[in-house]
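Participant:
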Amino acid sequence: MRYPTMTELQRPTLTLPADGKRLLLHSCCAPCSGEVMEAITASGIDYAIFFYNPNIHPVKEYELRKQENIRFAEQHGIPFIDCDYDTDNWFSRARGMENEPERGIRCTMCFDMRFERTALYAHEHGYDTISSSLGISRWKNMAQINDCGIRAASRYEGLQYWDYNWRKGGGASRMIEISKREQFYQQEYCGCVYSLRDANRHRRENGRERIRIGLLYYGQDTEAPQAD
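Structure below.
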């Protein structure tokens with residue numbers, strides 16, 4: 000007889016709002032998606048992962064995040080939709096916002112862009128609900144994310160944005176627990192070239208080494224050499 004784990008005992012059973020039947024979950028990365036995916040899977044919700052993140056820079060970081068997400072989706076038998084890495088479009092929309100702070104208008108633009116593509120795909124492929132793993136991170140402004148998701152979904156009749164608070168009920172703690180269990184790649188900045196620039200500037204001002212792309216993983220205690 001198999002007994003449930005503490006994580007399974009603590010996790011609530013979820014249902015889609017407004018009688019939703021099929022969910023398209025925008026995923027930003029495996030660490031943020033781990034708890035969200037396991038909670039949705041345990042609740043028996045029909046869903047697929049939609050990976051559209053043209054903000055992530057450089058391409059090495061993008062591929063690391065994507066491949067970790069693919070690995071976890073395959074482990075759970077969840078369909079994974081790999082969308083375009085259209086960085087030119089992202090940089091075009093970010094023009095003039097290069098020096099905006101985190102959680103500012105550049106981030107709103109970025110969320111809008113990703114949710115607009117998620118909503119379009121959902122509309123064209125029979126999904127009635129969209130959501131995202133972005134909101135589980137304590138570094139993000141949940142109200143900002145939800146506003147962008149609701150705005151994107153409102154473009155299409157019959158499509159809704161699920162604004163579930165993935166942090167509540169221990170969700171944020173389980174996110175870290177799962178990341179360590181799976182030894183996910185541990186990204187050290189939001190994703191875009193400007194967040195990388197600002198994170199490295201902050202580190203330099205505080206006497207720390209610059210971010211080491213591709214070398215830090217959850218659950219590994221060894222100190223990795225600095226990246227090239």
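All residue numbers for the sequence shown refer to numbering that gives the first Met the number 0, where the first residue is 0 and numbers rise by one.
C-beta: ideal position from N, C-alpha, C; glycine also.
Since the model is a prediction, treat every value here as computed from it, not as a measurement.
Where does Arg94 land, buried or exposed, given buried means 16+ other C-beta within 10 angstroms?
Facilitator: Looking at its Cβ environment, which holds fewer than 16 other Cβ atoms inside 10 Å, Arg94 is exposed.
Participant: From Gln219 to Gln186, what distance separates their C-alpha atoms?
Facilitator: Spanning the two alpha carbons is a distance of roughly 14 Å.
Participant: Apart from the five residues just before and just after Leu15, which ones in its own chain have a Cβ nearer than 7 Å to its Cβ?
Facilitator: Leu22, Ile44, Thr128, Trp161.
Participant: Around the Cβ of Ser172, are there at least 16 other Cβ atoms within 10 angstroms (buried) or fewer (exposed)?
Facilitator: Under this definition Ser172 is an exposed residue.
Participant: Out of curiosity, what's the CA-to-CA distance linking Tyr216 and Asn164?
Facilitator: Their backbone Cα atoms lie some 26 Å apart in a straight line.
Participant: Does DSSP classify Asp83 as helix, strand or coil?
Facilitator: If DSSP states are grouped into helix, strand and coil, Asp83 belongs with coil.
Participant: Where do the N-terminal and C-terminal ends of the beta strand (DSSP E) with Phe50 fall, by residue?
Facilitator: 45-50 is the extent of the beta strand (DSSP E) around Phe50.
Participant: Can you list, in chain order, the residues of its chain with a C-beta nearer than 7 Å to that of Asn88? Leave out the 5 residues immediately preceding and following it.
Facilitator: Cβ neighbours of Asn88 beyond the five flanking positions: Pro53.
Participant: Within 8 Å, do at least three Cβ pairs link the region 22-32 to the region 128-140?
Facilitator: Yes, the region 128-140 touches the region 22-32.
Participant: Taking Cβ positions, are Cys82 and Tyr51 nearer each other than 8 Å?
Facilitator: In contact: Cys82 and Tyr51 (Cβ atoms closer than 8 Å).
Participant: Counting pairs of beta carbons, one from the region 136-155 and one from the region 107-118, are three or more of them closer than 8 Å?
Facilitator: Taking 8 Å as the limit for Cβ pairs, the verdict is that the region 107-118 does touch the region 136-155.
Participant: Which word fits Lys167, buried or exposed, when buried means at least 16 other C-beta atoms lie within 10 angstroms of its C-beta?
Facilitator: Lys167 should be labelled exposed.
Participant: Exposed or buried, what is Lys139 when buried is set at 16 or more other beta-carbons lying within 10 Å of its beta-carbon?
Facilitator: Buried is the call here.
Participant: Under the DSSP definition of a beta bridge, which residues are partnered with Leu23?
Facilitator: Per DSSP, Ala47, Ile129.
Participant: Within this structure, are the beta carbons of Ile80 and Tyr120 separated by less than 8 Å?
Facilitator: Yes; because the gap between Cβ atoms is below 8 Å, this pair is in contact.
Participant: What ranges does the alpha helix (DSSP H) occupy inside the region 104-155, keeping only unbroken runs of at least 4 residues that lie completely in it?
Facilitator: Whole alpha helix (DSSP H) segments, 4+ residues: 104-123, 141-152.
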